[in-house]
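Everything in the sequence shown is counted per the working numbering, starting at 139 for the first residue and increasing by one.
Heads up, the beta-carbon is just placed ideally off N, CA and C, and yes, glycines get one too.
On a predicted model such as this, the values are computed, not experimentally measured, just so you know.
First up is the structure itself, then whatever we jot down about it.
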Amino acid sequence: MKKLPLGLVIDLRDVVPYKTGSWRTLMPVNLTQMPPCTHSCPAGNDVRGFLRVLADRNNYEQAWHILTRTNPLPATCGRVCPHPCEVGCNRRDFDKAVAINCVERCVGDYGLEQNLKHKKLSGARKEKVAVVGSGPAGLSCAFHLAKRGFKVKIFESYGEPGGMMRYGIPSYRLPNYILKQELDAILDLGIELECNVKVGVNIPMDQLRQNYDAVFLGMGAQKGLSIDLPGNDAQNVFSGVEFLHEVNSGKWVDVGKDVVVIGGGNTAMDCARVAKRLGANVSVVYRRTRVEMPAITAEIDEAMEERIMFRYHTNPTKIITDEERVVGILCSQMELKEPDASGRARPVPIAGSE
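Shown next as structure tokens:
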């Protein structure tokens, strides 16, 4: 009887009813289904694939090429992605999820340090594509088209590319030089970039339709949500997106001595920590508890380490102004009731608690 080689990968569904004797030479690996980590990744990264070449062969270059098949920004995502892949990790059933995000950052940084280049998948094509916006969507679109031989030009309305990665994420989380290196690697595929061009203002949309075979619109969500409170039109009231954009543009924002950040999401944490770095005493008010806060746990922990105050069960009801500037904020205490449509406990104001 011929012996099976050590390390043979088999499908146990075919042999379980008939197998006798020792199983020591067999390594069953299910390669027919999408791993839950990949299924949970919005970019569809081959998590199992790039981790395997690292574990088996310590091959960082191959791991980088596997990662960038789907996502051209591993060093960026390794720093700012909320890593839903780890939520889907099978390892959580035993102890903790594999630190996929940290490994992705390591592989992405290796690619930058070694100046690795993206590989084209096919020869040049005659079709031309215009991409409006150089945020994650626009860059990914341009990247995949250029790899397949299309002629691509990106039109960006701001002075520098990157979209919300450049103007919406603080530099202490995503250094500009990291983002620029990954952008340059994408542009090296032959992609043209023109900044300070607003489609519909500096160049008509009809002109793009005439000059290009296809147009991709990836402008992103550039406007923040405004809070519906009396006094929200005061001069020193900012939406989170507006505040971060001003700071990341290099402008000095006079936040004053005391800053109140309303909300418990990742943008709120970014705003609070940026305001702290601008010298303010910062308080975050949130109408539920920390358990219900949608921000990443690490973001909240780091904000607390920086001595940012958190006021839970607190909901603003009025912004107090004097000569069109904020001088205070009126809040009421909240209590939590049965879950609402979001699945979180529903906050209800306590009468007379303002």
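Taking the alpha carbon of N419 as the point to measure from, which residue in E430, D392, A436 and A201 has its own alpha carbon closest?
Reading the sequence shown from its first residue, position 281 is the one you call residue 419. Of the listed residues, the one whose Cα sits closest to N419 is D392.
Is there a Cβ from chain B that is less than 8 Å from the Cβ of L312?
Looking for chain B here will not work: only one protein chain is present.
Just mark R243 as buried or exposed, buried being the case when its beta carbon has 16 or more other beta carbons within 10 Å.
For the purposes of this step, residue 243 is taken as the residue at position 105 of the sequence shown. Classification for R243: buried.
Using 10 angstroms around the beta-carbon of K285, count the other beta-carbons present and answer buried if the total reaches 16, otherwise exposed.
The residue you call residue 285 lines up with position 147 of the sequence shown. Buried, because 16 or more other Cβ atoms sit within 10 Å of the Cβ of K285.
Can you tell me where the beta strand (DSSP E) with S470 in it begins and where it stops?
By 1-based counting over the sequence shown, the position of residue 470 is 332. S470 -> beta strand (DSSP E) spans R463 to P477.
Restricting to runs no shorter than 3 residues, where is the beta strand (DSSP E) found entirely within the segment 213-250?
none
DSSP three-state call for K141: helix, strand or coil?
Within the sequence shown, residue 141 is the residue found at index 3, counting from 1. Residue placement at K141 is poorly supported in this model, since its pLDDT is 46, which falls under 50; the coordinates are not used for a value here.
List in chain order: all unbroken alpha helix (DSSP H) runs of 4+ residues lying wholly within the segment 419-447.
435-443
So the candidates are R482, I365, L211 and G276; which of them puts its Cα closest to the Cα of L329?
One-based indexing of the sequence shown puts residue 329 at position 191. Correcting the residue identity first, residue 329 is Ile in this sequence and not Leu. Minimum Cα distance to I329 is reached at G276.
Could you tell me the alpha carbon to alpha carbon distance between Q171 and P212, rounded to whole angstroms?
Translated into the one-based positions of the sequence shown, residue 171 becomes position 33. Translated into the one-based positions of the sequence shown, residue 212 becomes position 74. Their Cα atoms are separated by approximately 24 Å.
Return the chain-ordered ranges of every beta strand (DSSP E) run that is complete within the segment 303-352 and spans a minimum of 3 residues.
330-332
Does L355 come out as helix, strand or coil in the three-state DSSP assignment?
Working through the sequence shown from its first residue, we reach residue 355 at position 217. Note: L355 maps to strand in three-state DSSP.
Quick one: measure Cβ to Cβ for P180 and C227, integer angstroms, because I've assumed they're closer than 8 Å.
Position 42 of the sequence shown, counted from the first residue, corresponds to residue 180. Position 89 of the sequence shown, counted from the first residue, corresponds to residue 227. P180 to C227, Cβ: 15 Å. No contact.
According to DSSP, which residues form a beta bridge with V454?
By one-based count along the sequence shown, residue 454 stands at place 316. It should be pointed out that residue 454 corresponds to Pro in this sequence rather than to Val. Looking at the DSSP assignment, P454 forms a beta bridge with C469.
Report back the beta-carbon spacing between Y450 and R484 to the nearest angstrom; my notes put them in contact at under 8 Å.
Counting from 1 along the sequence shown, the entry for residue 450 is found at position 312. Counting from 1 along the sequence shown, the entry for residue 484 is found at position 346. In fact, because the Cβ distance is near 15 Å, the residues do not count as touching under 8 Å.
Given 8 Å as the limit, is there contact between the segment 366-377 and the segment 458-468, that is, 3 or more CB pairs closer than that?
yes
Based on the DSSP output, what are the partners of I488 in its beta bridges?
As a first step, residue 488 is located in the sequence shown; it is residue number 350 there, counting from the start. Its beta-bridge partners do not exist; DSSP assigns none.
Let me check one thing: in DSSP terms, what residues is K289 bridge-paired to?
One-based indexing of the sequence shown puts residue 289 at position 151. In DSSP, K289 forms a bridge with K266.
What does the Cβ neighbour count give for Y315, buried or exposed, with the cut at 16 atoms within 10 Å?
Against the sequence shown, residue 315 aligns to sequence position 177. Result: exposed.
So V385 and V412 are in contact, right, with Cβ under 8 Å, and what is the actual spacing, rounded?
Here residue 385 refers to the residue found at position 247 of the sequence shown. Here residue 412 refers to the residue found at position 274 of the sequence shown. With 8 Å as the limit, V385 and V412 qualify as a contact, their Cβ atoms being about 6 Å apart.
CB-CB under 7 Å to I434, same chain, minus the five flanking residues each way: which ones, in chain order?
Against the sequence shown, residue 434 aligns to sequence position 296. Correct list, in chain order: P220 and N404.
Report yes if the C-beta distance between K291 and D351 is below 8 Å; otherwise report no.
Residue mapping note: residue 291 aligns to position 153 of the sequence shown, counting from 1. Residue mapping note: residue 351 aligns to position 213 of the sequence shown, counting from 1. No, Cβ-Cβ distance for K291 and D351 is not below 8 Å.
Residues in the same chain with beta-carbon distance under 7 Å from D478, minus the five sequence neighbours each way, listed in chain order, please.
Translated into positions along the sequence shown, residue 478 becomes position 340. Closer than 7 Å at Cβ, skipping near neighbours: R484.
Measure the alpha-carbon distance for N183 versus E320 and round it to whole angstroms.
By one-based count along the sequence shown, residue 183 stands at place 45. By one-based count along the sequence shown, residue 320 stands at place 182. Cα to Cα, the separation comes out at about 17 Å.
Determine the closest residue to G358 out of T214, A441 and V379, with distance taken between C-alpha atoms.
For the purposes of this step, residue 358 is taken as residue 220 along the sequence shown, with counting starting at 1. Nearest C-alpha to G358: V379.
Where K414 and G187 are concerned, what is the direct C-alpha to C-alpha distance, given to the nearest angstrom?
Mapped onto the sequence shown, residue 414 falls at position 276. Mapped onto the sequence shown, residue 187 falls at position 49. Each residue's Cα considered, the two are about 41 Å apart.
Please classify L346 as buried or exposed, where buried requires at least 16 other C-beta atoms within 10 Å of its C-beta.
On the sequence shown, position 208 is the one that residue 346 refers to. Counting C-beta atoms within 10 angstroms of its own C-beta, L346 has 16 or more neighbours from the protein chains shown and is therefore classed as buried.
DSSP has A372 in a bridge; who is on the other side?
One-based indexing of the sequence shown puts residue 372 at position 234. Bridge partners of A372: none, in fact.
Can you check which of these residues, E443, L192, F281 and M447, is closest to D396 by C-alpha distance?
On the sequence shown, residue 396 is found 258 positions in, with the first residue counted as 1. Measuring from the Cα of D396, the nearest candidate turns out to be M447.
Around the Cβ of N349, are there at least 16 other Cβ atoms within 10 angstroms (buried) or fewer (exposed)?
Within the sequence shown, residue 349 is the residue found at index 211, counting from 1. With fewer than 16 other Cβ atoms within 10 Å, it is exposed.
Once the 5 residues before and after L331 are set aside, which same chain residues still bring their CB inside 8 Å of it?
Stepping through the sequence shown from its first residue, residue 331 is reached at position 193. S272, K291, I292, E294, P299 and L325.
Between which residues of its own chain and Q471 is the CB-CB distance below 6 Å, once the five residues before and five after are set aside?
Start at 1 with the first residue of the sequence shown, and residue 471 comes out as number 333. The answer, listed in chain order, is H451, I488 and S491.
Can you tell me whether DSSP reads T204 as helix, strand or coil?
Numbered from 1 along the sequence shown, position 66 holds the residue referred to as residue 204. Checking the displayed sequence, the identity of residue 204 turns out to be Ile instead of Thr. DSSP places I204 in helix when its eight states are reduced to three.
Within the continuous beta strand (DSSP E) that includes V397, where are the two ends?
Within the sequence shown, the letter at position 259 stands for residue 397. Start and end: D396 to I400.
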